[in-house]
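For reference, the structure discussed in these notes is given below.
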Amino acid sequence: SHIAAESPMSAPSLAVPASHKASAPMRIAVVGAGVAGATFARQIKSLMGDNAQLSLFEMGRGPGGRAATRRDRNDTRMSIDHGAPVFDVNKSSKFYDVAEALVDEGYLQKASPWWRYHARTTDEVDVKLAFPSDGYEAYLGKPSMNAMCKGLLAGVDISTHFGTKVSKLSCANVNSTVKWNLKGAGATPADEPVDFGDFDYLVVTSLGFAHATRWRDIFGEEAPVVEAWRELSEKPPGTSEKVDSLLASVERVDAIPVISIFAQYSADAAASWLTKAEFETLRFAPHGGALNKIFGGGYQRAGGGGEVTSWTNEPRIVDGIVVRRRENGDVTLACHASEEYSRSSFGVYGTGSTASRLGAGTKAG
């Protein structure tokens, strides 16, 4: 049999079958605690109950993935959504019922019409966020975006391993089926590897874990799924071509790197540049008066040469910003760098980031 995770956010997923005894629960390892991994865990436990024993592995400090929220460990008031600021669901899809249940449970809220987009070509022109027709519903996490994945996992009987990098994956051909063994690094590269045991099924919802190029660029080593499959000398009949095709599909997926900076303001502090009182989230493009307002008519030159009187963004560094009003009235700002600038700084991570903690890249201050 074959188990596959279908992501409502279209994230790539890869599931590889293995053997199990009918009299014992299936041991299922899920790599990645974003929307796809959390949805899979919720649904498979709903369908199988005690017949499935799930373990969820995630490099981040908690669930979220692309629906992530950044917090400051020194200031508990700070909470900034730096992934997807909103998402929409087709009302005819199966996930619509899940989203509505999360609204009832207090993990999601429906987005109001007061989303604003400031067009690149025209200063201070507001248009409604262009979601599709009435057949879609827009949602925000409550109180922040990562509440979505927390809600998906709430009440699910599952073993979670956050802050954990699965650094070694091996598989064995047992009676023409595959058994998977996972070993993981702890919170820092100096921690001793942990053997998480053998699993009947491996479900991969984290792209990098099976993406040879991306994993190598970040960690300087072969992607665990790619390495494990290559080292399996006797592959079960009929599986080699299928898995090779899946891995090739994953490898073809490209992504644009983004470097972000965050800030949070009290309502009073934001009042000087924020004029829309009714919004939940604003999106600004990198040109025009909107950014000039936020940066007080310009920004300080790096060399201390005084203020610039207009926002030129040349060379193009900023690709856009997202502003959100929190339930307590605070206003958060996430500023996203352009693709060109982000690629020029690829491999540089904040010292407290997940990638840096687990041994990737060049640390930044």
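Residues in the sequence shown are numbered consecutively from -8, following the working numbering.
Glycine included, C-beta positions come from ideal geometry on N, C-alpha and C.
The structure displayed is predicted, hence computed values, not measured ones.
Please report the residue range of the beta strand (DSSP E) in which residue i lies.
{"i": "residue 98", "result": "Neither: residue 98 is in no beta strand (DSSP E) and is coded neither H nor E."}
{"i": "residue 163", "result": "156 to 165"}
{"i": "residue 252", "result": "251 to 256"}
{"i": "residue 204", "result": "Element bounds for residue 204: not the beta strand (DSSP E) but the alpha helix (DSSP H), 203 to 210."}
{"i": "residue 68", "result": "66 to 72"}
{"i": "residue 150", "result": "149 to 153"}
{"i": "residue 63", "result": "60 to 63"}
{"i": "residue 318", "result": "Per DSSP, residue 318 belongs to no beta strand (DSSP E) and is neither H nor E."}
{"i": "residue 20", "result": "17 to 22"}
{"i": "residue 190", "result": "185 to 190"}
{"i": "residue 176", "result": "168 to 176"}
{"i": "residue 200", "result": "Run containing residue 200: none; DSSP gives neither H nor E here."}
{"i": "residue 128", "result": "127 to 132"}
{"i": "residue 79", "result": "78 to 81"}
Check this for me: beta carbons of residue i and residue j, under 8 Å apart or not?
{"i": "residue 48", "j": "residue 80", "result": "no"}
{"i": "residue 237", "j": "residue 322", "result": "no"}
{"i": "residue 325", "j": "residue 71", "result": "yes"}
{"i": "residue 203", "j": "residue 232", "result": "no"}
{"i": "residue 223", "j": "residue 164", "result": "yes"}
{"i": "residue 19", "j": "residue 194", "result": "yes"}
{"i": "residue 157", "j": "residue 173", "result": "yes"}
{"i": "residue 313", "j": "residue 76", "result": "yes"}
{"i": "residue 248", "j": "residue 187", "result": "no"}
{"i": "residue 239", "j": "residue 149", "result": "no"}
{"i": "residue 192", "j": "residue 128", "result": "no"}
{"i": "residue 89", "j": "residue 57", "result": "no"}
{"i": "residue 82", "j": "residue 126", "result": "yes"}
{"i": "residue 320", "j": "residue 258", "result": "yes"}
Closest by CA to residue i, which one among the options?
{"i": "residue 197", "options": "29, 17 and 16", "result": "29"}
{"i": "residue 254", "options": "73, 189 and 55", "result": "73"}
{"i": "residue 315", "options": "159, 102 and 42", "result": "102"}
{"i": "residue 53", "options": "99, 136 and 66", "result": "136"}
{"i": "residue 154", "options": "160, 240 and 50", "result": "50"}
{"i": "residue 251", "options": "309, 195 and 220", "result": "309"}
{"i": "residue 190", "options": "200, 133, 208 and 160", "result": "160"}
{"i": "residue 23", "options": "42, 319, 151 and 332", "result": "151"}
{"i": "residue 99", "options": "126, 39, 212 and 130", "result": "130"}
{"i": "residue 221", "options": "211, 210, 61 and 234", "result": "234"}
{"i": "residue 171", "options": "226, 327 and 209", "result": "226"}
{"i": "residue 134", "options": "210, 330, 333 and 62", "result": "62"}
{"i": "residue 139", "options": "45, 43, 229 and 55", "result": "55"}
{"i": "residue 395", "options": "65, 230 and 328", "result": "No answer is possible for residue 395: it lies beyond the span of the chain, which begins at -8 and ends at 356."}
{"i": "residue 229", "options": "69, 168 and 334", "result": "168"}
{"i": "residue 317", "options": "41, 60 and 207", "result": "60"}
What are the start and end residues of the alpha helix (DSSP H) that includes residue i?
{"i": "residue 381", "result": "The question about residue 381 has no answer here: the residues shown for the chain are numbered -8 through 356."}
{"i": "residue 221", "result": "215 to 222"}
{"i": "residue 240", "result": "231 to 242"}
{"i": "residue 247", "result": "No alpha helix (DSSP H) holds residue 247; DSSP gives it neither H nor E."}
{"i": "residue 51", "result": "It is not in any alpha helix (DSSP H) - residue 51 carries neither H nor E in the DSSP assignment."}
{"i": "residue 141", "result": "138 to 144"}
{"i": "residue 331", "result": "330 to 335"}
Original post:
Are at least three pairs of beta-carbons, each pair with one atom in the segment 214 to 221 and one in the segment 183 to 191, less than 8 Å apart?
Top reply: no
Subject >> Three-pair Cβ contact test at 8 Å for the segment 93 to 103 versus the segment 136 to 152 >> reply: By the criterion of at least three beta-carbon pairs nearer than 8 Å, the segment 93 to 103 is in contact with the segment 136 to 152.
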